[in-house]
Amino acid sequence: MNDEKKKHPCPDCRCCQWCSDSRCGVCLKRCPGARRKLSLREQIELYESLNRGAENG
446 MNDEKKKHPC PDCRCCQWCS DSRCGVCLKR CPGARRKLSL REQIELYESL
496 NRGAENG
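Residue numbering for the sequence shown follows the working numbering, beginning at 446 and increasing consecutively.
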């Protein structure tokens, strides 16, 4: 389970089913530790930083 990707890091999630954003949002409102979605710019920056780390490591 630890290697399985999840849409959101919800602590009580045992089997992520990659629900639609609207359905996922219902659960996330109850989950105070939920993170907001990254903007397109933030996604690109994260992608590039991860790739730089992989090239250097």
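Glycine is no exception: its CB is placed at the ideal position from the N, C-alpha and C atoms. Note that the structure is predicted; figures quoted are calculated from it, not measured.
Annotation for Arg497: no residue places its beta carbon closer than 8 Å to its own, counting only its chain and skipping 5 residues before and after. C-alpha of Asn501 to C-alpha of Leu495: approximately 10 Å in a straight line. The alpha-carbon of Asp466 is positioned some 21 Å away from that of Tyr492.
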